[in-house]
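The listed protein sequences correspond, in order, to chains A and B. Under the numbering used here, the first sequence is numbered contiguously, ending at residue 401. Under the numbering used here, the second sequence is numbered contiguously, ending at residue 115.
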Amino acid sequence: MAQHAQVQTTPKNGIWGGGYEPLGANFGKLMMWFFILSDAFTFSALLISYGALRFTHSADWPNPEKVFHAFPGIEGHAPLVFVGLMTFILIVSSVTMVLAVEAGQEEKNREKCAWYMLLTILGGLTFLGCQAWEWSHLIHGGITLHQNVEGNVLFGQLFFLITGFHGFHVTTGVILNIIVLVLVLDGYMDKIGHYDLVEKVGLYWHFVDLVWVFVFTFFYLV
Amino acid sequence: MAAHGTQFQRVWMPLIILFLITAVEFLIAFTVGPELKTLKVSVFIILTILKAFYIMAYFMHLKFEKVGLIYSLLAPTLFVVALIFILLYESAEMPQGEPSPKSKVEKVEKSEHH
C-alpha cells in the first residue's frame with residue numbers, strides 16, 4: 180500500500196475548508212503540476228513561434244535529414260540516428276524514474292529506489308553529453324547563432340535557443356535528482372515516513388522528457 | 002492504495018507503445034515526400050500529442066489521479082493544442098520572409114572534421 184504524507188481523509192471543514200486535499204494531491208505535488216503547466220506554456224510559445232518562422236522561411240530552410248546526419252565515431256551518413264538514440268535514452272530514464280517512485284512509495288525499498296534514481300541521473304547526464312556533442316558538431320560545421328551554411332540563419336538560432344532552454348531544464352532536473360538521491364540514501368524519506376519527494380521530482384523529470392518529445396518532432400521531423 | 006494493474010500494464014506497455022509510435026514517426030519521416038507536407042506535419046503533431054498523453058497518463062500517473070486534477074490540467078493544455086493548429090493554418094497566410102544573406106560563412110576546423 181502506497182504511503183503518502185498524512186492528511187484528513189474526510190473533509191472536516193468542507194472540501195475547500197482546509198486540512199484536506201480537494202484535488203487528491205498534496206500541496207507540493209499540486210504546485211509541481213501547476214509549475215509544469217506554466218513551463219509547458221513557455222515551451223509551447225517557443226515551439227509555436229518556431230513553427231511560424233519555419234513555414235514563413237521555407238525557401239531556404241535546411242532539411243533536417245541533411246543537417247542531423249552525423250553520429251559520433253562513425254564516418255558517413257546516418258540521418259536522425261543520433262537524435263533517435265537521445266530520445267531513447269531520455270524515455271528510458273523516465274522509465275527508471277517511474278520505477279524509482281514505485282520502489283519508494285509502493286515497496287518502501289530505499290536501496291532499490293536509490294539505484295533507480297542513480298540510473299535516471301546517469302541517463303540525464305548521458306543525454307546532456309549527447310546534446311553537447313550535437314551542439315559542438317553543428318557549430319564546427321558552420322551552423323551558429325550568426326551564420327548558417329545550410330540555409331536560413333534562423334534555423335540555428337531557434338535550434339540553439341530551444342534545445343538550450345530544454346537542456347537547461349534537463350540540467351536542473353539532474354541536479355534535483357541528485358539532491359533527492361542523497362536524501363533517499365540518507366534515510367530522510369524513511370524518517371518522514373513517505374517518498375513523496377521522489378514522486379514530485381519524478382513529475383518534473385517526466386515533464387522534461389515530454390518537452391523533448393515535442394522538440395524532437397518539431398526540429399528533427401517537421 | 003495498491004498499484005493500479007500489473008507493472009507491465011503500468012510501465013512497460015506504455016514504453017512499448019511510445020517506442021512504436023516513435024518508430025512510425027521515423028518511418029513517415031523517411032518515406033513520405035514533401036508533396037504531402039501539411040498532412041505529414043499534422044500527423045507528426047497528432048502522434049506527438051498521443052505520446053504526450055501516454056507519458057502524462059502512465060509515467061506521471063495522471064490517469065489514476067482525481068478527475069478534478071485531470072481536468073484542471075487538461076483544459077489549459079487543450080488551448081495549447083488548439084494554438085498549435087491555429088498557428089499552422091495561419092502561417093500559410095503569413096508572407097514569406099527574406100532568405101538569409103549568403104555572407105562570408107566559415108566552417109570552424111572543417112579540415113579536422115572527423
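Just so you know, even glycine gets a beta-carbon here, dropped at the ideal spot from N, CA and C. Remember, predicted model here, so these are calculated numbers, not experimental data.
Here's the rule I'm using: 16 or more other beta-carbon atoms within 10 Å means buried, otherwise exposed. How should T39 (chain B) be labelled?
Position 38 of the second sequence, counting from 1, holds the residue named residue 39 (chain B). Counting Cβ neighbours within 10 Å, T39 (chain B) comes out exposed, since fewer than 16 surround it.
What are the residues that DSSP puts in a beta bridge with I322 (chain A)?
As a first step, residue 322 (chain A) is located in the first sequence; it is residue number 143 there, counting from the start. A:N327, per the DSSP bridge assignment.
Could you give the first and the last residue of the continuous alpha helix (DSSP H) run that contains D365 (chain A)?
Residue mapping note: residue 365 (chain A) aligns to position 186 of the first sequence, counting from 1. Counted as a single uninterrupted DSSP element, the alpha helix (DSSP H) harbouring D365 (chain A) occupies residues V332 to D365.
Quick one: grab the DSSP three-state call for F408 (chain A).
Residue 408 (chain A) is absent from the structure shown; chain A starts at 180 and stops at 401.
Going by Cα to Cα distance, which pick from A:L362, A:V274 and A:F339 is closest to I322 (chain A)?
Along the first sequence, one-based indexing puts residue 322 (chain A) at 143. That would be A:F339, whose Cα lies nearest to the Cα of I322 (chain A).
W312 (chain A), DSSP secondary structure in three states:
Sequence index remark: in the first sequence, residue 312 (chain A) carries index 133 (1-based). It is helical.
Buried or exposed by the 16-neighbour rule on C-beta atoms within 10 Å, applied to W13 (chain B):
Counting from 1 along the second sequence, the entry for residue 13 (chain B) is found at position 12. With fewer than 16 other Cβ atoms within 10 Å, it is exposed.
At a CB distance below 8 Å, what residues from the stretch 302-329 of chain A approach chain B? Give them in sequence order.
For the stretch 302-329 of chain A, which is checked against every Cβ of chain B, the residues closer than 8 Å are I318, H319, G320, G321, Q326, N327 and V328.
Endpoints, the alpha helix (DSSP H) within which M276 (chain A) is located:
Start at 1 with the first residue of the first sequence, and residue 276 (chain A) comes out as number 97. First-last of the alpha helix (DSSP H) with M276 (chain A): V260 to Q284.
Under 9 Å between beta-carbons, which chain A residues line up against F27 (chain B)? List them in chain order, please.
Along the second sequence, one-based indexing puts residue 27 (chain B) at 26. The answer, in chain order, is L259, G263 and L400.
M57 (chain B) lies in the alpha helix (DSSP H); which residues open and close that run?
Indexing the second sequence from 1 puts residue 57 (chain B) at position 56. Per DSSP, M57 (chain B) belongs to no alpha helix (DSSP H) and is neither H nor E.
DSSP on Y72 (chain B), reduced to helix/strand/coil?
In the second sequence, the residue the question calls residue 72 (chain B) occupies position 71. Three-state result, Y72 (chain B): helix.
What's the C-alpha gap between P201 (chain A) and D375 (chain A)?
Translated into the one-based positions of the first sequence, residue 201 (chain A) becomes position 22. Translated into the one-based positions of the first sequence, residue 375 (chain A) becomes position 196. The alpha-carbon of P201 (chain A) is positioned some 18 Å away from that of D375 (chain A).
Coarse secondary structure for A219 (chain A), derived from DSSP in three states
Locating residue 219 (chain A) in the first sequence gives position 40, where the first residue counts as 1. In the structure shown, A219 (chain A) falls within a helical segment according to DSSP collapsed to helix, strand and coil.
When Cβ atoms are compared, which residues of the stretch 379-399 of chain A fall closer than 7 Å to chain B?
Of all residues in the stretch 379-399 of chain A, L382, H385, D388, L389, V392, F393 and T396 have a Cβ within less than 7 Å of some Cβ in chain B.
Tell me the rounded alpha-carbon separation between Q10 (chain B) and T266 (chain A).
As a working mapping, residue 10 (chain B) is identified with position 9 in the second sequence. As a working mapping, residue 266 (chain A) is identified with position 87 in the first sequence. The straight-line gap separating the alpha-carbon atoms of Q10 (chain B) and T266 (chain A) is approximately 22 Å.
DSSP-derived helix/strand/coil call for H385 (chain A):
What you label residue 385 (chain A) is simply residue 206 of the first sequence in a count that begins at 1. Look at H385 (chain A) here: in three-state DSSP terms it is helix.
Do you know how far the Cα of E281 (chain A) is from the Cα of L333 (chain A)?
Here residue 333 (chain A) refers to the residue found at position 154 when the first sequence is read from its first residue. Here residue 281 (chain A) refers to the residue found at position 102 when the first sequence is read from its first residue. Going from the Cα of L333 (chain A) to the Cα of E281 (chain A) covers about 43 Å.
Using a Cβ cut-off of 9 Å, pull out every chain A residue sitting near T49 (chain B), in sequence order please.
For the purposes of this step, residue 49 (chain B) is taken as the residue at position 48 of the second sequence. At a beta-carbon threshold of 9 Å, the residues of chain A lying near T49 (chain B) are V392, F393, F395, T396, F397 and L400, ordered along the chain.
With respect to the alpha helix (DSSP H) encompassing I22 (chain B), which residues constitute its N-terminal and C-terminal limits?
Position 21 of the second sequence, counting from 1, holds the residue named residue 22 (chain B). For I22 (chain B), the enclosing alpha helix (DSSP H) stretches over residues M14 to T32.
So, at 6 Å on beta carbons, what are the nonlocal neighbours of V309 (chain A) in its own chain, with the 5 sequence-adjacent residues on each side left out?
Along the first sequence, read from residue 1 onward, the residue named residue 309 (chain A) stands at position 130. Sequence inspection shows Cys at residue 309 (chain A); the Val mentioned does not correspond to that position. Closer than 6 Å at Cβ, skipping near neighbours: M265.
Can you list, in chain order, the residues of its chain whose CB lies under 8 Å from that of Y295 (chain A), leaving out five sequence neighbours each side?
By one-based count along the first sequence, residue 295 (chain A) stands at place 116. Result list for Y295 (chain A): T275, M276, L278, A279 and A282, in chain order.
So is I253 (chain A) buried or exposed if we call it buried at 16+ other beta carbons inside 10 Å?
Taking the first residue of the first sequence as 1, we reach residue 253 (chain A) at position 74. Per the 10 Å Cβ criterion, exposed.
Flag this pair as touching only if the stretch 374-390 of chain A and the stretch 15-27 of chain B have three or more C-beta atom pairs under 8 Å; answer yes or no.
Taking 8 Å as the limit for Cβ pairs, the verdict is that the stretch 15-27 of chain B does not touch the stretch 374-390 of chain A.
I need the DSSP call for M210 (chain A), collapsed to helix, strand or coil.
Mapped onto the first sequence, residue 210 (chain A) falls at position 31. M210 (chain A) falls in the helix class under three-state DSSP.
By how many angstroms is the C-alpha of H385 (chain A) removed from the C-alpha of F60 (chain B)?
Position 59 of the second sequence, counted from the start, is the residue given in the question as residue 60 (chain B). Position 206 of the first sequence, counted from the start, is the residue given in the question as residue 385 (chain A). Rounded to the nearest whole angstrom, the CA to CA distance from F60 (chain B) to H385 (chain A) is 7 Å.
Given G381 (chain A), which residues of its chain have a CB within under 6 Å of its CB, disregarding the five upstream and five downstream residues?
Position 202 of the first sequence holds residue 381 (chain A). Within the same chain, G381 (chain A) has close Cβ partners M276 and V280.
Alpha-carbon spacing of A58 (chain B) relative to I270 (chain A), whole angstroms
The residue given as residue 58 (chain B) occupies position 57 in the second sequence. The residue given as residue 270 (chain A) occupies position 91 in the first sequence. Our two residues, A58 (chain B) and I270 (chain A), have alpha carbons roughly 14 Å apart in a direct line.
Name, please, each residue of chain A whose Cβ falls closer than 7 Å to the Cβ of E66 (chain B).
Your numbering for residue 66 (chain B) matches position 65 in the second sequence. Think of a sphere of 7 Å around the beta carbon of E66 (chain B): the chain A residues whose beta carbon falls inside it are G203 and A204, in chain order.
Assuming contact is defined by CB atoms lying nearer than 7 Å, are T235 (chain A) and M95 (chain B) in contact in what I supplied?
To locate residue 235 (chain A), count along the first sequence from 1; it is residue 56. To locate residue 95 (chain B), count along the second sequence from 1; it is residue 94. In this structure, T235 (chain A) places its C-beta atom within 7 Å of the C-beta atom of M95 (chain B).
With DSSP collapsed to three states, give me the class of V390 (chain A).
Within the first sequence, the letter at position 211 stands for residue 390 (chain A). If DSSP states are grouped into helix, strand and coil, V390 (chain A) belongs with the helices.
What do you get for G343 (chain A), buried or exposed, if any count of 16 or more other CB atoms within 10 angstroms of its CB means buried?
Here the question's residue 343 (chain A) lines up with position 164 in the first sequence. Under this definition G343 (chain A) is an exposed residue.
DSSP three-state call for E290 (chain A): helix, strand or coil?
Within the first sequence, the letter at position 111 stands for residue 290 (chain A). Assigned with DSSP and collapsed to three states, E290 (chain A) falls in helix.
Where Q97 (chain B) meets chain A, residues with beta-carbon distance less than 8 Å:
As a first step, residue 97 (chain B) is located in the second sequence; it is residue number 96 there, counting from the start. T235, H236, S237 and A238, listed in chain order.
From this set, A:G198, A:H345 and A:A204, which residue's C-alpha is nearest V68 (chain B)'s C-alpha?
For the purposes of this step, residue 68 (chain B) is taken as residue 67 along the second sequence, with counting starting at 1. Minimum Cα distance to V68 (chain B) is reached at A:A204.
Exposed or buried, which one is I56 (chain B) when buried takes at least 16 other CB atoms within 10 Å?
Against the second sequence, residue 56 (chain B) aligns to sequence position 55. In the assembly as shown, I56 (chain B) is a buried residue. Its beta-carbon has 16 or more other beta-carbons within 10 Å.
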